[in-house]
Amino acid sequence: MESIRGGDLGRRLEVEGADEISAWPASFNGMADAVEASRRELRGRVEEKTGALRRSLEEQRATNATLARTQEQLVESAKMAAVGTLAQGMAHEFNNVLGGIAGCAEDLLADETDAERREVSTSSSAPRVGPPW
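When we follow our numbering, the leftmost residue of the sequence shown carries the number -11, and every step to the right adds one.
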């Protein structure tokens, strides 16, 4: 009994005789068989659940890696959108300044009284005065 209590479930008692006192070793052996079968079943369940948990953990790690990559892509897309917005704003501001300069140049040209200077300013070889639109 001590060796079975210590975990040696393979140990069995010898059954001798057919009286009531001799029947308890057979009952004890049956109990040890049942405990051993239960232990095997529990080990099988534990191994099955452990395998399922490992697979689930691997899937979770793969999902996390995919999410991390997707998050990096989203951050890069947001950065590119911010750069595009900045470039658009800068182009608009430059256009405003250029439009003002073009307007001033047109006003100066309109005020020009010297016909020769006016002709040089409006000739096709001279740069165009005015906004590009």
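C-beta: ideal position from N, C-alpha, C; glycine also. Everything numeric in this text was worked out from a predicted model, so none of it was measured.
For residue j and residue i, the rounded distance between their alpha carbons
i	j	result
LEU45	THR73	41 Å
GLU107	GLU60	59 Å
ALA114	ARG105	Because the pLDDT at ALA114 is just 48, under 50, the model does not fix this residue reliably, and the value given afterwards should be weighed accordingly. Answer to the nearest angstrom: the Cα atoms are 11 Å apart.
ALA53	MET68	23 Å
ASN83	ALA93	15 Å
Beta-carbon contacts of residue i that lie in its chain and below 7 Å, excluding the five residues immediately before and after
i	result
ILE9	none
Cutoff 8 Å; reference residue i; Cβ partners in own chain excluding five residues on either side
i	result
ALA6	none
THR38	none
ARG33	none
GLU64	none
Coil, strand or helix - residue i by DSSP
i	result
ASP95	helix
ASP21	helix
GLY39	helix
VAL3	coil
THR101	coil
MET78	helix
LEU(-3)	coil
Cβ-Cβ separation, residue j to residue i (assumed contact under 8 Å), whole Å
i	j	result
ALA14	VAL3	5 Å
LEU62	VAL23	LEU62 to VAL23, Cβ: 57 Å. No contact.
Own chain residues within Cβ distance below 6 Å of residue i, not counting five before or after
i	result
SER112	Low confidence applies to SER112: its pLDDT is 46, below 50, so where it sits in the model is not reliable, and the reading given next is rough at best. Nothing meets the Cβ criterion.
Residue from the options whose Cα sits closest to the Cα of residue i
i	options	result
PHE16	ALA40, SER(-9), LEU97, GLY77	SER(-9)
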